[in-house]
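Letter by letter, the sequence shown follows residues 1 to 283 of my numbering.
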Amino acid sequence: MYQATSVIELRQYVQHWKDHGQTIAFIPTMGNLHAGHMSLIEKGRSLSDRTICSIFVNPMQFGPNEDWDHYPRSLEADIEQLEAIGCDLVYLPTASELYPDGLDKISKVQVTDLTDNYEGAHRPGHFTGVATVVLKLFNIVRPDVSVFGKKDFQQYRVISKMVEDFNLDVQIIGQETTREPSGLATSSRNQYLDAQQKEKAAMIYRTLQQAAAGIDRGERDFRALEQDAIASLDDAGFKTDYFSICNAETLLPATPEDRDLVILVTAALGATRLLDNIEISLW
Ligand code: PAF
């Protein structure tokens, strides 16, 4: 596997591959790679000739009370996993090259509408940081396709909208969430859960499945379904931030006329905020 740290170096590899008519898949990450990331890389590999993964803990998407310094970093293990799965190149940008004049001076990408609620409301500025770094990375790498995990469903929609709004020439692929046998979505944050919490955390997906089954059976009082789900999670010891039945495209509260839905949930167990979602098609 090749490694590049500078834009010039990275572009040399990409240009060489493009000159040989090869297509490129790109998977941006913040490292601390797990099975979920590996499924993104595998998807990229299945869709293109070359697969590039970036590892960059992007300071712009961390809020003032979020711990950029303590974000888990495991570069050696990440590189081993990427080699083993057949990634062609790992790009390790430096903050000084991506943000040469600091975070305040650089132009920023604001994706409208989709960023007001849910994680956008909980983490002001977060999606601006995500969209800005992803746009920069797309322009540096110039991939044909880029794969995002649907576990972060709002992020996946924000990136898709940025690509539409700015006519970017890259295809965005949403990859299904990887789960543990219990149903718990794979996440870097699972490492903060003890064994008992981990068992309990599986309730989040069960609750999503129950609500989805209700909707499939024809229940249309979405607000009542949301309240029931929040009550049962909170009764079990979660602190539920939101459990929202939404239109899967706009992320607005779903109406009975909507056909493509997603239920977004974030619930904290102790100090750990867990995100998950389920898509429902009523066609
Ligand atoms: O999902 C992530 O790991 C990050 O938000 C991303 C897309 C790599 C941007 O920094």
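Backbone N, C-alpha and C define an ideal beta-carbon position, used for all residues, glycine too.
Predicted model only: the values in this text are computed from it and were never measured.
Shown here, V109 sits in coil according to DSSP, grouped into three states, outside any helix or strand.
Fewer than three pairs of CB atoms, one per stretch, sit closer than 8 angstroms, so the stretch 103-111 makes no contact with the stretch 221-231. Straight-line measurement puts the Cα of I140 at about 19 angstroms from the Cα of H20. Minimum Cα-Cα distance from Q209 among the listed residues K200, G183 and A95 corresponds to G183. In the structure shown, D19 adopts helical secondary structure according to DSSP, grouped into three states.
According to DSSP, T240 shares a beta bridge with A267. In this structure the stretch 149-159 touches the stretch 250-265; the number of beta carbon pairs closer than 8 angstroms is three or more. Each residue's CA atom was taken as its position, placing R179 and L98 some 33 angstroms apart. Distances from the CA of I79 to each of N32, P124 and T23 were compared; the closest alpha carbon is that of N32. Here A95 has P59 as same chain residues with Cβ atoms under 7 angstroms from its own Cβ, once five neighbours each way along the sequence are excluded. Considered as a whole, the stretch 190-255 harbours 239-247 as its complete beta strand (DSSP E) runs of no fewer than 3 residues, in chain order.
As the crow flies, the alpha-carbon of K105 is around 45 angstroms from that of A212. DSSP places E76 inside the alpha helix (DSSP H), whose first and last residues are L75 to I85.
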